[in-house]
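Take a look at the structure set out below.
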């Protein structure tokens with residue numbers, strides 16, 4: 001029976017190894033895909049903000065309406081195209097994270113990452129728990145039988161000791177009776193009536209001899225029973241030891257299964273949070289692109305004769321939609337500083353107001369950028385999944401150009417001497 005339990009345990013352990021390997025491979029692959037996409041998004045957003053800064057610099061000082069700078073058409077075109085590229089990459093990121101639970105072929109059969117816990121892992125846990133229950137019942141029954149046998153052995157040993165004691169007492173009586181007989185026999189030649197006493201002792205000696213024989217047989221039987229009980233205990237003990245070892249294996253496997261299940265739950269939460277983050281970022285980028293596109297089209301219709309306030313409004317709107325991206329805070333602060341420090345004499349930039357921000361759009365973004373706390377940014381979300389599984393390696397970045405890989409490496413501080421400083425910074429927030 002113990003061998004059957006052992007075989008089932010080995011089979012479940014093999015299944016768990018396959019599940020763990022499959023989960024790590026699938027999660028690693030998807031995480032690297034997300035890292036590549038979000039690396040592109042980071043770079044394209046950075047490029048779009050750089051184009052936004054170029055426009056801010058182009059309209060500094062007393063910008064004269066109708067006297068367009070020669071660089072204005074190309075600057076606005078770059079502004080629109082870079083935000084459009086960021087929008088496209090943002091949509092790809094969102095599609096990627098939204099499809100994270102979609103079936104992916106692993107050359108074994110298709111499984112779903114988000115449903116991994118609810119499907120294969122849960123089935124494994126159920127089978128494992130069933131076997132553990134059966135094993136515990138068998139172990140409990142064996143231990144109970146062993147305990148009963150041990151109690152029986154104590155009784156049998158006591159009976160054997162009592163039989164030996166009885167035998168020793170009978171042997172002493174027999175010795176005493178024979179001694180009396182021998183002493184009386186010495187006097188029969190001197191005193192013939194002594195023979196009558198010998199005749200009295202003979203049946204007594206015979207009876208005691210029979211009792212000794214019976215007692216000796218009882219001692220032998222008791223000894224045999226003790227030996228048999230000890231043999232049964234010796235036979236049961238290895239089974240108990242084997243079942244105990246299997247029980248320890250089950251506890252270990254169930255613990256590993258629970259750990260993997262917790263990882264699945266954590267990843268599920270991370271994916272949901274990341275999906276919200278990327279959805280927000282995608283929406284913000286869409287609004288920024290709409291403003292950039294609207295500004296370009298409006299400028300084309302007026303032959304690029306828009307006012308300083310028109311261009312500055314576009315820039316400030318883009319900054320408003322970029323406030324959630326804390327990774328670009330320095331760039332945003334720089335753009336706002338350019339606009340604020342290089343306003344015209346009429347203060348047209350400071351005078352830009354909206355229904356939502358009657359205090360002034362410039363003042364609003366300045367106050368927002370001065371706040372210490374910022375909501376979780378895409379830069380945080382893009383690393384969450386990568387750090388969900390211990391031992392995750394960095395993506396190869398084969399889909400990035402050499403220039404982009406160098407940029408991304410600098411952005412993430414991968415080459416800092418303290419060893420993946422930026423990665424560990426984000427990891428401590430998970």
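Residue numbers (UniProt numbering): 1 to 430. For glycine and all other residues, C-beta sits at the position ideal for the given N, C-alpha and C. Just so it is clear, the structure is predicted and the values come from calculations on it, not from any experiment.
1. Counting pairs of Cβ atoms below 8 angstroms between the segment 240 to 251 and the segment 124 to 133, do you hit three or more?
2. Suppose you measure from the CA of residue 149 to the CA of residue 17; what does that come to, to the nearest Å?
3. Can you find at least 3 beta carbon pairs, one from the segment 153 to 164 and one from the segment 179 to 189, that sit closer than 8 angstroms?
4. Can you tell me the Cβ-Cβ gap for residue 215 and residue 170, rounded? I've got them flagged as a contact below 8 angstroms.
5. In three-state terms, what does DSSP make of residue 15?
6. Report the residue from 78, 232, 237, 363 whose alpha carbon sits nearest the alpha carbon of residue 139.
7. Would you mind working out which of 52, 230, 124 sits nearest residue 8, comparing C-alpha positions?
8. Only counting the same chain, and skipping five residues up and downstream in sequence, which positions put a Cβ closer than 7 angstroms to that of residue 97?
9. Can you check which of these residues, 262, 200, 286, 146, is closest to residue 234 by C-alpha distance?
10. At which residues does the alpha helix (DSSP H) containing residue 73 begin and terminate?
11. In chain order, what residues of the same chain have a beta carbon less than 7 angstroms from the beta carbon of residue 315, not counting five sequence neighbours either side?
12. Under 8 angstroms: do the segment 215 to 234 and the segment 77 to 93 share three or more Cβ pairs, one atom per stretch?
13. Give me the Cβ distance between residue 86 and residue 36, rounded to the nearest whole Å; I'm assuming they're in contact under 8 angstroms.
14. With a CB to CB cut of under 7 angstroms and the five nearest residues on each side skipped, what residues in its chain are close to residue 195?
15. Roughly how many angstroms separate the alpha carbons of residue 156 and residue 230, rounded to a whole number?
16. Apart from the five residues on each side of it in sequence, which residues of its chain come closer than 7 angstroms, Cβ to Cβ, to residue 177?
17. DSSP three-state call for residue 325: helix, strand or coil?
18. Buried or exposed, going by whether 16 or more other CB atoms sit within 10 Å of the CB of residue 359?
19. Starting from residue 343, trace the alpha helix (DSSP H) in both directions and tell me its first and last residue.
20. When DSSP labels each residue in this structure, what does residue 59 get in the three-state scheme?
21. Hey, quick one: how far does the alpha helix (DSSP H) through residue 152 stretch, first residue to last?
22. Just the C-alpha distance for residue 399 and residue 343, rounded to the nearest angstrom, thanks.
23. Which residue wins for smallest C-alpha separation from residue 333, given the options 364, 14, 250?
24. Per DSSP, what kind of secondary structure is residue 45 in: helix, strand or coil?
25. Exposed or buried, what is residue 136 when buried is set at 16 or more other beta-carbons lying within 10 Å of its beta-carbon?
26. In terms of alpha-carbon separation, which member of 11, 19, 76, 50 lies closest to residue 121?
With the structure as the only source:
1. yes
2. 40 angstroms
3. no
4. 5 angstroms
5. helix
6. 237
7. Looking at 52, 230, 124, the one whose alpha-carbon comes closest to that of residue 8 is 124.
8. 34, 271, 274, 275, 278
9. Looking at the Cα atoms, 146 is the closest of the given residues.
10. 72 to 98
11. 52, 55, 56, 335, 339
12. Judged by Cβ distances under 8 angstroms, the segment 215 to 234 makes no contact with the segment 77 to 93, as fewer than three pairs qualify.
13. Not quite, the Cβ-Cβ distance comes to about 16 angstroms (not below 8 angstroms), so this is no contact.
14. Closer than 7 angstroms at Cβ, skipping near neighbours: 188.
15. 10 angstroms
16. Excluding sequence neighbours, residue 177 sits near 201, 204, 205, 208.
17. coil
18. exposed
19. Segment: none, residue 343 is in no alpha helix (DSSP H) and carries neither H nor E.
20. coil
21. 122 to 186
22. Model confidence at residue 399 stands at a pLDDT of 43, short of 50, so the residue's coordinates are unreliable; what they give is reported in the following sentence. In a straight line, the C-alpha of residue 399 is about 42 angstroms away from that of residue 343.
23. 364
24. Note: residue 45 maps to helix in three-state DSSP.
25. Taking all protein chains shown into account, residue 136 has fewer than 16 neighbouring C-beta atoms within 10 Å of its C-beta and is therefore exposed.
26. 19
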